[in-house]
Structure formats: C-alpha cells, structure tokens
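First comes the structure, then the notes that go with it.
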Amino acid sequence: MAVLLLAEVNNGELAMDATAKAVTAAKALGDVTVLAAGASAAAAGDAAAKIDGVAKVLVAEDASLGHRLAEPTAALIVSLAGDYSHIVAPATTDAKNVMPRVAALLDVMVMSDVTAVVDADTFERPIYAGNAIQTVKSSDATKVITFRTSTFDAAGEGGSASVETVGAADNPGLSEWVEDKVAESDRPELTSAGIVVSGGRGVGSEEDFKIIEALADKLGAAVGASRAAVDSGYAPNDWQVGQTGKVVAPELYIAAGISGAIQHLAGMKDSKIIVAINKDEEAPIFQVADFGLVADLFEAVPALTEKLG
Amino acid sequence: MKVLVPVKRVIDYNVKVRVKADGTGVDLANVKMSMNPFDEIAVEEAIRLKEAGKADEVIAVSIGVKQAQETLRTALAMGADRAILVVAADSVDQDIEPLAVAKILAKIVEEEQPGLVLCGKQAIDNDMNATGQMLSALLGWSQATFASEVDIDGDSAVVTREVDGGLQTIKVATPTIISVDLRLNEPRYASLPNIMKAKKKPLDEKTAADYGVDVTPRLEVVKTSEPSERAAGIMVGSVDELVEKLKEAGAV
Ligand SMILES: Cc1cc2nc3c(=O)[nH]c(=O)nc-3n(C[C@H](O)[C@H](O)[C@H](O)COP(=O)(O)OP(=O)(O)OC[C@H]3O[C@@H](n4cnc5c(N)ncnc54)[C@H](O)[C@@H]3O)c2cc1C
Ligand SMILES: Nc1ncnc2c1ncn2[C@@H]1O[C@H](COP(=O)(O)O)[C@@H](O)[C@H]1O
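Put into structure tokens, the structure is as follows:
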C-alpha cells in the first residue's frame, strides 16, 4: 500500500517534528511518499528525504501554494491522489484546514486526530474531548487521515529518499493571503517541547503572565495557557492547550492557576508528569496531577523558578 | 444576503461523558443536550451581520434526530429568522458523519442560495473539525476556517484565522464558508420574550431522503472505550518538597 503524507511546511521550511511524527504513524500503513508544497519547498523536500522510512519525496513549488491556502493545496493533493491508498498529514491547523476538503473532493470521510493505527482500515481516535476513544473501520477507497502528533514518536533521520518535482494543480483563485501575525520566540515549540509551563485565569493579567514565562525560561520550556487566559488577553491564541487548542504530551507539564476543565485536560492529560499549582484544593486539575501543590501561584511559581536549575 | 448557519445538537459541554459498559458508545440517555458551543458563536455572528445591515435573513439548519428541533428553537430565540430541520436519524446514538451533513447542506445551499455559510469549527462530540471544509469542497466555494475576526464586504470577506503559529488573515471570494473559532464573539442569551417569539417562527421539517442523500456511515464504529486512567498522584506540602520530588523523578 502507498501513503501520501502532506509535510508541514512553513515559509519554505520543513516543520521536522510534526512531519517526522506523522511519518512514524504512516510507516505502519505502507510506503510513504512525502509531499512538500509551498512557494518554495525544495529545501523542505530535501529535509523530508532524510526522515527514516520515507520512500520518496514530491516537491511542488508554486506561488499559489505559498501560504497553504486550502483550495490550491487540496487541488494539488487530489491531482496526485490516484496513486495512494492513504492520504495523511500531521493534525496541525494547516492540515485540518486542507484534509477534509481533500476528502470531500474524493467523496470519502476524513479521520481527524487519529491516535493509533490498528490496521490499514481501522484507527483509533479520541472523541468527546478525549473522554472516549473510538475505534473506527473505514469502508472508503482512500483513507484520509490526520495524525495527532503528541501520541507518536518522531521518526529518526538517516534516510535518503529520492526527490521528484511535481506541478501545482490549477489554482481556483478563490482566496488570497493577506498577512500572518506570528509571534517570534526563542522558546521551544509548544507541541514538541519536553517541558510546558501553562498559566490560567488564576494568573490574572498579561503582566503577571511574566512569572509563568520566567519559570518556563528557567526550565527551557514552552509556555501554554488555558482558554480562559487566552480569552482574557493574558496570552496569545497559539498558546491555548486543550480540546480545541493544541494537544501536548511533554515529559513535564506544570499548570498554574488552571482549574482543570475537561476541555483543558483533553490537551495535556497524556503528559508524563503533571504538576498542578492551585490555591483551591478542590480544583479538578489535582485529579490528574502527579504532584499537586495547594498554594498561591504568585508565591509558589517565583519560588519554584528560583529553586530550580 | 442570506446567511445559513448549521447548528448541531450535542451533549452539553459541562456534562461528564460516560462510555457505555458494553463499548457500544457513550451514554446519551437522559443527559443534558445543548447547541454545539461553536455554533452559538456562528449564530451570534450571523445575527450581528443582520443587525449591521449586511445580511437580510438568517436561516438555522440542523441535521439529526427530531429532538434537534430544540436546538433550532434556541437559534430562533437568539435571533435567527427561520429554521430547517433535516431528520436523518431516529436514535440519539446515531451520529451523522460530516460528509453526509455536508452533502445535505450542499443541497440546502442550492435551494436557498445564501451568500455565506457560518458554521462551527468543530462539533464537541465527534471532535472531527471537517464539515465546513467538506461543504466548501462540494460547492467549489472558498473557505475560511477557525475565524476570530470576520469582515464581510460585498463580494469578498476578510477573515482572521487562529492557526498554530498565531493569526493568519486571508481574503476570500463570496459566497463563502466560514468556520468560527472561540474568540470571534460572545454569544448572547435568548431573552424570555424572544424565546416565546421563537415558538412562532417557521421551522420546516425535512428528511435526508428529501434531498436524496445517503447518510450511511463510511466509518463503522467498531468499539468505544474509556481512555486510560492516570495513576493517582500525591499532594506536596511546599515548593521545596515539589522540587525534591521533581528531581527524584528526573523531571528537571
Ligand atoms: C467549546 C469549548 C471549547 C473549549 N476549549 C478549551 C481548550 O481548548 N482549552 C482550555 O483550556 N479550555 C477550553 N475551554 C474552556 C474550559 O471549559 C474552561 O472554561 C477553561 O479551561 C478554564 O480556564 P482556567 O482553568 O484558566 O480558569 P478557571 O476555571 O476560572 O480556573 C482558574 C483557577 O485558578 C485558580 N487560582 C486563582 N487564583 C489563584 C492564585 N493566586 N494561585 C493559585 N491558583 C489560583 C482558581 O482556584 C481556579 O482553579 C473550552 C470550552 C468550550 C465551551
Ligand atoms: N448534524 C449537524 N447538523 C447541523 N450542523 C452540523 C452537523 N454536524 C456538523 N455541523 C456543523 O459543522 C460544524 C463542524 O462539525 P464537525 O465537522 O462535525 O466537527 C459544527 O460546528 C456545525 O456548525
């Protein structure tokens, strides 16, 4: 069986972690061909060729593919689809934008956020904010899947796949890119960080979020946030962890001033070690914490920053 | 311009979901059901467009069991003008897949000719995040998913999207499909007088067969199971003790 894997490419660069994790999931299904698409994608294609388990790389470069607009990217994938039994991608916002469109164009269902491959037709995926795991068997001719990256280890490097170029499909010209607002940061990426420090509504202000960031920086960690913290403007949207934000599973997750609503737990409960700091001993976050500390975060977090490292 | 808003009846987001002991699904008998929270945001946005004079009619649509009537009445009470219920399932345990939902919606779009479809980014039951994108594909329209800001201007819309890296702004040709994210707006509550008025607003009832759409699932649910439980943790008494435990565990 042959698998087409849409690589995560941002501004010409391969997002190695997300792509390599999806490769691990895809390898179980057959020979993996990676598609690197973008206004420039050759470098991303070369990087993808080195991922262990990649059999072939297709590079598609065209201005229309520059910002991963759904319509031209989906058209490209559909133009290649005939050769593949499975079309897959890491479950990023880009892929979630594109893959259901691909599926509908092929008249098949999509399976989002798949966490386990049972066999070529059968997959596990969380539903109801991870409160249940569904095993589904697809009867579709082509399986279209996004893989939840936090449950797969990244494939190693050391491969040397062949690289070919392919042409873009016709751009339907329905949408155009206007601008990106991307916060530059030296911190590790939230979804691949070994340690994540998250703050919630309890932090109280954007200003005070600095104490969360200071702890993160001391630990070389990424910073996360609850929806309430993002809604209140304490933290940017791309820090949101949860059912409808990012799903993380670091070695260590520290939650400060977060109550532990199911929608938040959905994004972090597979972390290896969970630390919860909350002044309310009844807070549900303590039910999933390995180490719980009932304390005022304004005292505990700075003290922790000082004592660690 | 007409605005079509698909709203799904789902388990209330505050309810703790229980997996049935026999693994056939989750227990939906006698639990509180509500409108999918993202769809409330979509309804709110549609009503605001009408209030701003950019839309002249808001039509809410729901596909599923007959009880989805209640969900549509909520949309009407918020301010939608009329509603269409497409009965496609006779048991609350039967979820209609996004592909089938999108096919039915595509037929309704053909009939109603809206200039905009505003849907939720994700249904909080199946967590699929697919229907809007699928509908857009079937219609050959543009799509703008995960919207946190929407500005409709004649034959185009400028939409800011919440993406992994931050925010992306795109301009899409209309008619278009916009899927809404959490921070687009804060949905209003329906007032009692509006709830009363909603009872008199038109609610058409159809079936999937009326639209000639086969809703047979493509994904057979083999089983539904509980997620793995975390081992119980411990409470620590101080920051020092926490540091010690983290060092012992090799976490820092
Ligand atoms: C459709 C939908 C999707 C959602 N998606 C997400 C999602 O992806 N991610 C997400 O996080 N949420 C999500 N939510 C929201 C979720 O239901 C909760 O509302 C949210 O997680 C609460 O955030 P919080 O814990 O920061 O705030 P709260 O629940 O208000 O908790 C604040 C906590 O801080 C503690 N506290 C206050 N002051 C201090 C102090 N000085 N020191 C220590 N502790 C203190 C309090 O005791 C309390 O436990 C979603 C909700 C819906 C309806
Ligand atoms: N059965 C349904 N009836 C009406 N709208 C639906 C239905 N299923 C999905 N939708 C719409 O599609 C959005 C995304 O759902 P999903 O693709 O299932 O995550 C929802 O927020 C609704 O706006």
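Protein chains in written order, with the numbering used here: chain A, 1165 to 1473; chain B, 7 to 258. Don't be surprised by glycine CBs; every beta carbon is placed ideally from N, CA and C. On a predicted model such as this, the values are computed, not experimentally measured, just so you know.
Straight-line gap, residue i to residue j (C-alpha atoms, nearest Å)
i	j	result
E1348 (chain A)	D157 (chain B)	26 Å
G1363 (chain A)	L1269 (chain A)	41 Å
I130 (chain B)	T1408 (chain A)	9 Å
D1247 (chain A)	I1309 (chain A)	16 Å
M41 (chain B)	G1323 (chain A)	49 Å
V1252 (chain A)	A1284 (chain A)	12 Å
V1243 (chain A)	A1333 (chain A)	The sequence as given places Ser at residue 1243 (chain A); Val does not occur at that position. Approximately 7 Å, taken between the alpha carbons.
D220 (chain B)	L105 (chain B)	10 Å
E168 (chain B)	P1400 (chain A)	10 Å
V1412 (chain A)	G1431 (chain A)	6 Å
N1143 (chain A)	P1236 (chain A)	Chain A is shown from 1165 up to 1473; residue 1143 (chain A) falls before or after that span and cannot be answered.
A196 (chain B)	G1294 (chain A)	30 Å
R24 (chain B)	E226 (chain B)	20 Å
A1255 (chain A)	E57 (chain B)	37 Å
A1212 (chain A)	V178 (chain B)	31 Å
V1458 (chain A)	K1410 (chain A)	26 Å
A1393 (chain A)	K212 (chain B)	42 Å
V1367 (chain A)	V1452 (chain A)	20 Å
V258 (chain B)	A1380 (chain A)	12 Å
A1319 (chain A)	N135 (chain B)	27 Å
Any C-beta of chain A under 9 Å from that of residue i
i	result
A237 (chain B)	yes
T77 (chain B)	no
V23 (chain B)	yes
S142 (chain B)	yes
A215 (chain B)	no
T175 (chain B)	yes
K113 (chain B)	no
R15 (chain B)	no
Q149 (chain B)	yes
S231 (chain B)	yes
N263 (chain B)	Any answer about residue 263 (chain B) is impossible in this case: the structure gives chain B only from 7 up to 258.
V171 (chain B)	Inspection of the sequence shows that residue 171 (chain B) is occupied by Gly rather than by Val. Yes, contact with chain A.
L105 (chain B)	yes
V245 (chain B)	yes
L252 (chain B)	yes
I130 (chain B)	yes
is_contact[residue i, chain B] using C-beta, thresh 9 Å
i	result
K1443 (chain A)	no
I1291 (chain A)	yes
D1372 (chain A)	no
T1286 (chain A)	yes
N1335 (chain A)	no
S1249 (chain A)	no
V1272 (chain A)	yes
A1332 (chain A)	no
I1426 (chain A)	yes
A1267 (chain A)	yes
D1460 (chain A)	no
S1303 (chain A)	yes
V1300 (chain A)	yes
E1415 (chain A)	yes
Residues near residue i by beta carbon distance below 8 Å, same chain, minus five either side
i	result
N200 (chain B)	A83, M84 and G85
D1317 (chain A)	K1185 and T1188
Close-in-space but distant-in-sequence residues of the same chain around residue i (CB under 6 Å, 5 per side omitted)
i	result
A66 (chain B)	V11, V13, L78, A81, A86 and A89
V1330 (chain A)	L1222 and A1224
P181 (chain B)	G121 and W147
L1416 (chain A)	I1359 and I1437
R1232 (chain A)	D1258
S1435 (chain A)	A1413, P1414 and Y1417
S1326 (chain A)	K1220
Same chain, Cβ closer than 7 Å to residue i, five either side skipped, listed in chain order
i	result
L55 (chain B)	V9, A61 and I158
G1202 (chain A)	V1173, G1176, A1208, E1225, L1229 and G1230
L141 (chain B)	A108, L111, A112, V123 and I183
D1210 (chain A)	V1327
E46 (chain B)	P193
Strand pairing of residue i, partner residues [DSSP]
i	result
L173 (chain B)	A:K1345 and B:E168
E63 (chain B)	B:K8
L1178 (chain A)	A:V1173
K212 (chain B)	B:V92
L1154 (chain A)	Nothing can be reported for residue 1154 (chain A): it is not among the residues displayed for chain A, which extend from 1165 to 1473.
R1289 (chain A)	A:Q1298
L1416 (chain A)	A:I1359 and A:I1437
G1456 (chain A)	A:A1440 and B:M241
M39 (chain B)	B:I17
For ligand 1, enumerate in chain order all residues having a CB closer than 5 Å to any of its heavy atoms. A:G1364, A:R1365, A:G1366, A:S1390, A:R1391, A:A1392, A:G1406, A:Q1407, A:T1408, A:G1409, A:G1421, A:I1422, A:S1423, A:A1425, A:Q1427, A:H1428, A:N1442, A:K1443, A:D1444, A:A1447, A:D1460, A:L1461, B:Y19 and B:P43
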